[in-house]
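Trainee: Residue numbers (UniProt numbering): 1 to 518.
Built from N, CA and C at the ideal position, the CB exists for glycine as well.
(1) Report back the beta-carbon spacing between residue 78 and residue 159 to the nearest angstrom; my notes put them in contact at under 8 Å.
(2) Using three-state DSSP, classify residue 196 as helix, strand or coil.
(3) Do you know whose CA, among 453, 132 and 380, lies nearest residue 306's CA?
(4) Pull up the distance between the alpha-carbon of residue 518 and that of residue 510, whole angstroms please.
(5) Which same chain residues, not among the five before or five after residue 49, have their C-beta less than 8 Å away from its C-beta?
(6) For residue 278 and residue 118, which I take to be in contact (beta-carbon distance under 8 Å), what is that distance rounded to the nearest angstrom?
(7) Within a Cβ cutoff of 6 Å, which residues of the same chain sit near residue 298, ignoring the five residues on either side of it in sequence?
(8) Rounded to whole angstroms, what is the Cα-Cα separation between residue 231 and residue 218?
(9) Please state the DSSP three-state secondary structure of residue 413.
(10) How should residue 328 be labelled, buried or exposed, when 16 other C-beta atoms within 10 angstroms of its C-beta is the threshold for buried?
(11) If I measure Cβ to Cβ from residue 504 and keep anything under 8 Å in the same chain, skipping five residues before and after, which residues do I get?
(12) Please say whether residue 443 and residue 472 have beta carbons closer to each other than 9 Å?
(13) How close, in whole Å, do the beta carbons of residue 427 and residue 411 come, if the pair is a contact with beta carbons under 8 Å?
(14) Express the C-alpha separation of residue 451 and residue 291 in angstroms, rounding to a whole number.
(15) Can you tell which of 120, 64 and 205 has its C-alpha closest to the C-alpha of residue 87?
(16) Where do the N-terminal and C-terminal ends of the alpha helix (DSSP H) with residue 66 fall, by residue?
(17) Given a threshold of 16 other Cβ atoms within 10 Å of its Cβ, counted over all protein chains shown, does residue 386 qualify as buried or as exposed?
(18) Where do the N-terminal and C-terminal ends of the alpha helix (DSSP H) with residue 133 fall, by residue?
(19) Quick check on the DSSP output: the beta strand (DSSP E) that includes residue 32 runs from which residue to which?
(20) Sort 344, 157, 383 and 429 by Cα distance to residue 10 and report the nearest one.
(21) With H, G and I counted as helix, E and B as strand and the rest as coil, what does DSSP make of residue 484?
(22) Using a Cβ-Cβ cut-off of 7 Å (strictly less than) and excluding sequence neighbours within five positions of residue 433, which residues of its own chain qualify?
(23) By DSSP, does residue 124 sit in helix, in strand, or in coil?
(24) Rounded to whole angstroms, what is the Cα-Cα separation between residue 139 and residue 92?
(25) List the residues that DSSP assigns as beta-bridge partners of residue 261.
(26) Check residue 364 in the structure and name its three-state DSSP category.
(27) Check the DSSP bridge columns for residue 537 and list the partner residues they point to.
(28) Assuming residue 82 and residue 240 are in contact, meaning their beta carbons sit under 8 Å apart, how far apart are those beta carbons, in whole angstroms?
(29) How should residue 275 be labelled, buried or exposed, when 16 other C-beta atoms within 10 angstroms of its C-beta is the threshold for buried?
(30) State the DSSP-derived secondary structure class of residue 401, mapped to helix, strand or coil.
(31) Taking DSSP as the reference, what is the three-state secondary structure of residue 119?
(32) Determine whether the beta carbon atoms of residue 61 and residue 12 lie at a separation below 9 Å.
(33) Below 8 Å on the Cβ atoms is my guess for residue 466 versus residue 252; work out the distance and round it to an integer in Å.
(34) Using the C-alpha atoms, what's the distance from residue 332 back to residue 123?
(35) Hey, residue 445 and residue 98: beta-carbon distance below 9 Å or not?
(36) With residue 454 as the anchor, note down where its beta strand (DSSP E) starts and where it stops.
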């Protein structure tokens, strides 16, 4: 009986594989760390063959863990990094490295796109960034490589296509990646040929756009034994990694907010019409795996690292003492912050220690605003926690602008930060939303597995399956109306501070860059 599916998640830090049964139970999993190369400053790349090997290795290891017979696997789907690109020739051989989303060598070509930015936002759904468009232009201007390129694609598609024995003419990209291309229509799931022509491009070297559940091929004999699955196992097109996370997290209904509290603090929500953020330029409107739905998304890069910075840089003695006593330093910091009222007694923190990404403001930096003699470390910790909530409140304003009538229902919180009751309460109060957690720890491989199951009829209804597998906690961390009212002026002040201080940070970052003290 073919009653299990495999989901593979090709992320920045590593590749994960999960094997699930028809009830969404995880029966086998494996992880392999990514190999990133840094040839020169600003350049971050991966070898496509390293990525492919990580897929083979993790599927093989997960199959061994599951103890399943090869014939039990109904289908496979892969999700992967969304903003970078690579290219293959007519025989599906890589002709470029994988140009990571972290790679900034295409910055000069970003400026070529700048005059068209508002049009790109309106049609594609995302402000300019180091994504596909400037990277494609970078390769366009390297004719010796450009001539060899049959098609651009993403690492998940490359790995899936290699397992299926595809040729360059078969190159594909599922529609959930389109927002990161800069050259597509996020609403209509087609390439924007008029925009491409502005840069001397056509669709000739671009992959065909498919649905996530389209069967793009089957596992070839040469790879079946290495994977531990039967030859002929169907391979679905899959989707982007954030799309897989949203589906695997059960976000399939408009108004649900998804908060990933990890190294980055990632905000997403679900809407049922395509809208673009030309006002605040902080949201990217991504196509959902479920047709007719979209998920606007924004994030604070390194938002989850700020407390670690405070612990290590400003509280090293306390950290050593807590650890000597067997106490968790984060719990101790949170306990102190819990004694401080909402608003940290008029203290604000700007959480952008490495620059602001959404909206794009690379010169923005971190800061405490409003420090007085009465403020102590507990106030500062609370202000750090509250800063992410204020940033999310800003994102919610942007969502309401692009989706008139948007009514947020509740929030689902995952990641390491979701374990903090105080952080959940702060966000629940500042946003006016009840905060739920998830019983699961893994969402990307589950989302990909749901796509695989849908492709072969194992999960006929995507939304029902995602809801059923979600495991959202009850009861929630409830919002408190009085605290929500208390936070309102702080949210306004935070947003004002971002706008007011942005020019100052630009001057600090650019005019003073070469002025240092000996």
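Mentor: A quick look at the data gives this:
(1) The residue you call residue 78 lines up with position 78 of the chain shown. The residue you call residue 159 lines up with position 159 of the chain shown. Going by Cβ atoms, the distance from residue 78 to residue 159 rounds to 6 Å, so yes, they are a contact pair.
(2) Numbered from its first residue, the chain shown carries residue 196 at position 196. Taken through DSSP and simplified to helix, strand or coil, residue 196 comes out as helix.
(3) Position 306 of the chain shown, counting from 1, holds the residue named residue 306. Minimum Cα distance to residue 306 is reached at 380.
(4) In the chain shown, residue 518 corresponds to position 518, counting from 1. In the chain shown, residue 510 corresponds to position 510, counting from 1. In this prediction, residue 518 scores a pLDDT of 49, lower than 50, which makes its location untrustworthy; the coordinate-derived value is nonetheless stated afterwards. Rounded to the nearest angstrom, the two C-alpha atoms are 19 Å apart.
(5) Counting from one through the chain shown, the residue named residue 49 turns up at place 49. Here the set comprises 94.
(6) Counting from 1 along the chain shown, the entry for residue 278 is found at position 278. Counting from 1 along the chain shown, the entry for residue 118 is found at position 118. Confirmed, about 6 Å.
(7) Working through the chain shown from its first residue, we reach residue 298 at position 298. Excluding residues up to 5 positions away in sequence, 267, 282, 283, 358 and 395 lie with their Cβ nearer than 6 Å to the Cβ of residue 298 in the same chain.
(8) In the chain shown, residue 231 corresponds to position 231, counting from 1. In the chain shown, residue 218 corresponds to position 218, counting from 1. Taking the Cα positions, residue 231 is about 7 Å away from residue 218.
(9) Residue numbering aside, residue 413 sits at position 413 when the chain shown is read from its first letter. Residue 413 falls in the strand class under three-state DSSP.
(10) Walking along the chain shown from the start, residue 328 turns up at place 328. By the neighbour-count rule (16 or more Cβ atoms within 10 Å), residue 328 is not buried but exposed.
(11) As a working mapping, residue 504 is identified with position 504 in the chain shown. Leaving aside the five residues that flank residue 504 on each side, none in its chain has a CB nearer than 8 Å to its CB.
(12) Counting from 1 along the chain shown, the entry for residue 472 is found at position 472. Counting from 1 along the chain shown, the entry for residue 443 is found at position 443. For residue 472 and residue 443, no; Cβs fall outside 9 Å.
(13) Here residue 427 is taken as the residue at index 427 of the chain shown, counted from 1. Here residue 411 is taken as the residue at index 411 of the chain shown, counted from 1. Yes, residue 427 and residue 411 are in contact; Cβ-Cβ is about 7 Å, under 8 Å.
(14) Mapped onto the chain shown, residue 291 falls at position 291. Mapped onto the chain shown, residue 451 falls at position 451. In a straight line, the C-alpha of residue 291 is about 13 Å away from that of residue 451.
(15) Mapped onto the chain shown, residue 87 falls at position 87. That would be 205, whose Cα lies nearest to the Cα of residue 87.
(16) Along the chain shown, one-based indexing puts residue 66 at 66. Segment 48 to 66, the alpha helix (DSSP H) holding residue 66.
(17) Numbered from its first residue, the chain shown carries residue 386 at position 386. It counts as buried.
(18) Within the chain shown, residue 133 is the residue found at index 133, counting from 1. Per DSSP, the continuous alpha helix (DSSP H) segment holding residue 133 begins and ends at 132 to 140.
(19) In the chain shown, residue 32 corresponds to position 32, counting from 1. DSSP places residue 32 in the uninterrupted beta strand (DSSP E) bounded by 26 to 33.
(20) Taking the first residue of the chain shown as 1, we reach residue 10 at position 10. Considering only alpha carbons, the answer is 157.
(21) Locating residue 484 in the chain shown gives position 484, counting from the first residue. Three-state result, residue 484: helix.
(22) Position 433 of the chain shown, counted from the first residue, corresponds to residue 433. Here the set comprises 257, 408, 410, 411 and 479.
(23) Mapped onto the chain shown, residue 124 falls at position 124. If DSSP states are grouped into helix, strand and coil, residue 124 belongs with the helices.
(24) In the chain shown, counting from the first residue as 1, residue 139 sits at position 139. In the chain shown, counting from the first residue as 1, residue 92 sits at position 92. Going by the C-alpha atoms only, they are around 18 Å apart.
(25) For the purposes of this step, residue 261 is taken as residue 261 along the chain shown, with counting starting at 1. Residue 261 pairs with 265.
(26) For the purposes of this step, residue 364 is taken as residue 364 along the chain shown, with counting starting at 1. Coil, per DSSP.
(27) With the chain running from 1 to 518 in the structure shown, residue 537 is simply not present.
(28) The residue given as residue 82 occupies position 82 in the chain shown. The residue given as residue 240 occupies position 240 in the chain shown. About 4 Å; that satisfies the 8 Å criterion.
(29) One-based indexing of the chain shown puts residue 275 at position 275. A buried status is given to residue 275, since no fewer than 16 other beta-carbon atoms sit within 10 Å of its beta-carbon.
(30) Taking the first residue of the chain shown as position 1, residue 401 is located at position 401. Helix at residue 401.
(31) Working through the chain shown from its first residue, we reach residue 119 at position 119. Residue 119 falls in the helix class under three-state DSSP.
(32) Against the chain shown, residue 61 aligns to sequence position 61. Against the chain shown, residue 12 aligns to sequence position 12. Not in contact: residue 61 and residue 12 (Cβ atoms no closer than 9 Å).
(33) Numbered from its first residue, the chain shown carries residue 466 at position 466. Numbered from its first residue, the chain shown carries residue 252 at position 252. Indeed they touch by this definition, with Cβ atoms about 5 Å apart.
(34) The sequence position of residue 123 within the chain shown is 123, counting from 1. The sequence position of residue 332 within the chain shown is 332, counting from 1. Rounded to the nearest angstrom, the two C-alpha atoms are 48 Å apart.
(35) As a first step, residue 445 is located in the chain shown; it is residue number 445 there, counting from the start. As a first step, residue 98 is located in the chain shown; it is residue number 98 there, counting from the start. No; because the gap between Cβ atoms is not below 9 Å, this pair is not in contact.
(36) Here residue 454 refers to the residue found at position 454 when the chain shown is read from its first residue. Premise fails: residue 454 lies in the alpha helix (DSSP H), 444 to 455, not in any beta strand (DSSP E).
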